[in-house]
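Residue numbers (the working numbering): 1475 to 1755. Below you'll find the structure, written out as structure tokens, and then a few comments.
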């Protein structure tokens, strides 16, 4: 049976996932696949490349750089996250991504994106993260209203979390039967309706299916949580989620909170390590 990590997004909140993944790497726990959404994909690719500690290192080092994530970047470039900085300068020069290790890995990596034309999720298999495929990673993490639409092969894409925040069903459909789900919200979280739907209707008036997906996102998300709960109770999946609530925003700049969220991910993974090994075996 093939195993897969299903990684939820959450922007800066996703550093929790980086903590979990680093513990897995430290214990040489490698799955057959990784399917990540937004921040989950961003941190998941470093796991595939076995770059232990990379995510937390560059998050702390460049936290104060406006190009990393800020309204200043949005005003200057049209993107909350500066495209050239985050997807070229950072992985190519400042904290190099190990492309060779990624491409030589036996782990298949999927980035979840939302097709803005159809409003549906697409789970893109990325054999590498150069040129064309790095833009699928960028699309997966391009939050609505604060990111420009990413056009690839003539198709418009944005944040995968809009259409499939936790792609567990997709993992099963891809043939992975042993799935470990890493969530970035604690037990009991219930998603509320998208608060800026009125603005999205203006921004994306040419894409009615996308607007409809945004409108129903909270329902789909909460239904997915019920689906996860049922499978978890049956022992068919293993779930790692924040064991306590840490108030951290999607654009958090407080290094102390970022460190706390990362360490929480590490601690929760360490407490679950025996369960993870038993589940995969």
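Where a beta carbon is used, it is the ideal one built from N, C-alpha and C, also for glycine.
Locate the beta strand (DSSP E) running through residue 1632, then write down its first and last residues. In the chain shown, residue 1632 corresponds to position 158, counting from 1. Residue 1632 -> beta strand (DSSP E) spans 1629-1633.
Is residue 1551 helix, strand or coil by DSSP? Sequence index remark: in the chain shown, residue 1551 carries index 77 (1-based). Here DSSP, grouped into helix, strand and coil, assigns residue 1551 to helix.
Determine, using beta-carbon pairs with one atom in the segment 1647-1661 and one in the segment 1618-1629, whether at least three such pairs fall under 8 Å. Judged by Cβ distances under 8 Å, the segment 1647-1661 makes no contact with the segment 1618-1629, as fewer than three pairs qualify.
Quick check on residue 1582: does DSSP put it in helix, strand or coil? The residue you call residue 1582 lines up with position 108 of the chain shown. Assigned with DSSP and collapsed to three states, residue 1582 falls in strand.
Helix, strand or coil for residue 1505? Go by DSSP, reduced to three states. As a working note, residue 1505 is residue 31 in the chain shown. Residue state, collapsed to three classes: coil.
Which residue comes first and which comes last in the beta strand (DSSP E) that contains residue 1595? For this step, residue 1595 is matched to residue 121 along the chain shown. Where residue 1595 is concerned, the enclosing beta strand (DSSP E) stretches over 1595-1599.
Mind listing, in chain order, the continuous alpha helix (DSSP H) runs of no fewer than 4 residues lying wholly within the segment 1663-1720? 1671-1677, 1682-1707
How would you write the range of the beta strand (DSSP E) that residue 1534 sits in, first residue to last? Counting from 1 along the chain shown, the entry for residue 1534 is found at position 60. Per DSSP, residue 1534 belongs to no beta strand (DSSP E); it is in the alpha helix (DSSP H), 1528-1535.
Measuring only the C-alpha atoms, how far is residue 1686 from residue 1593? For the purposes of this step, residue 1686 is identified with residue 212 of the chain shown, where counting begins at 1. For the purposes of this step, residue 1593 is identified with residue 119 of the chain shown, where counting begins at 1. Straight across, the Cα-Cα distance linking residue 1686 with residue 1593 is about 7 Å.
For a cutoff of 9 Å on Cβ pairs, would you count residue 1662 as touching chain C? The question asks about chain C, but that chain is absent: this structure has only one protein chain.
Check whether residue 1429 and residue 1513 have beta carbons under 9 Å apart: There is simply no residue 1429 to check, as the chain begins at 1475 and stops at 1755 in what is shown.
Note the first and the last residue of the continuous alpha helix (DSSP H) segment covering residue 1564. Residue 1564 sits at position 90 when you count from the first residue of the chain shown. Per DSSP, residue 1564 belongs to no alpha helix (DSSP H) and is neither H nor E.
Counting C-beta neighbours from all protein chains within 10 Å, is the total for residue 1670 16 or more, i.e. buried, or is it exposed? Taking the first residue of the chain shown as position 1, residue 1670 is located at position 196. When all chains shown are included, residue 1670 counts as exposed.
Quick check on residue 1719: buried or exposed, where buried means 16 or more other Cβ atoms within 10 Å of its Cβ? Numbered from its first residue, the chain shown carries residue 1719 at position 245. Residue 1719 is exposed by the Cβ-count criterion.
Look at residue 1583 and residue 1519 and say whether their C-beta atoms are less than 9 Å apart. As a first step, residue 1583 must be located in the chain shown, where it is residue number 109. As a first step, residue 1519 must be located in the chain shown, where it is residue number 45. Yes; because the gap between Cβ atoms is below 9 Å, this pair is in contact.
Mapping DSSP to helix, strand and coil, what is residue 1518? Along the chain shown, read from residue 1 onward, the residue named residue 1518 stands at position 44. Helix at residue 1518.
Take residue 1665 and list the residues in its own chain whose beta-carbon comes closer than 7 Å to its own, dropping the five residues that flank it on each side. On the chain shown, residue 1665 is found 191 positions in, with the first residue counted as 1. Closer than 7 Å at Cβ, skipping near neighbours: 1692, 1695, 1696.
Looking at C-alpha atoms only, which residue of 1750, 1563, 1539, 1504 is the closest neighbour of residue 1580? Sequence index remark: in the chain shown, residue 1580 carries index 106 (1-based). With respect to the C-alpha of residue 1580, the residue from 1750, 1563, 1539, 1504 having the closest C-alpha is 1504.
Looking only at C-alpha atoms, which of 1626, 1649, 1597, 1568 sits nearest to residue 1639? Position 165 of the chain shown, counted from the first residue, corresponds to residue 1639. It is 1597.
Check for me: the beta strand (DSSP E) holding residue 1756 runs from which residue to which? The shown model of the chain, from 1475 to 1755, leaves out residue 1756, and the question about it has no answer.
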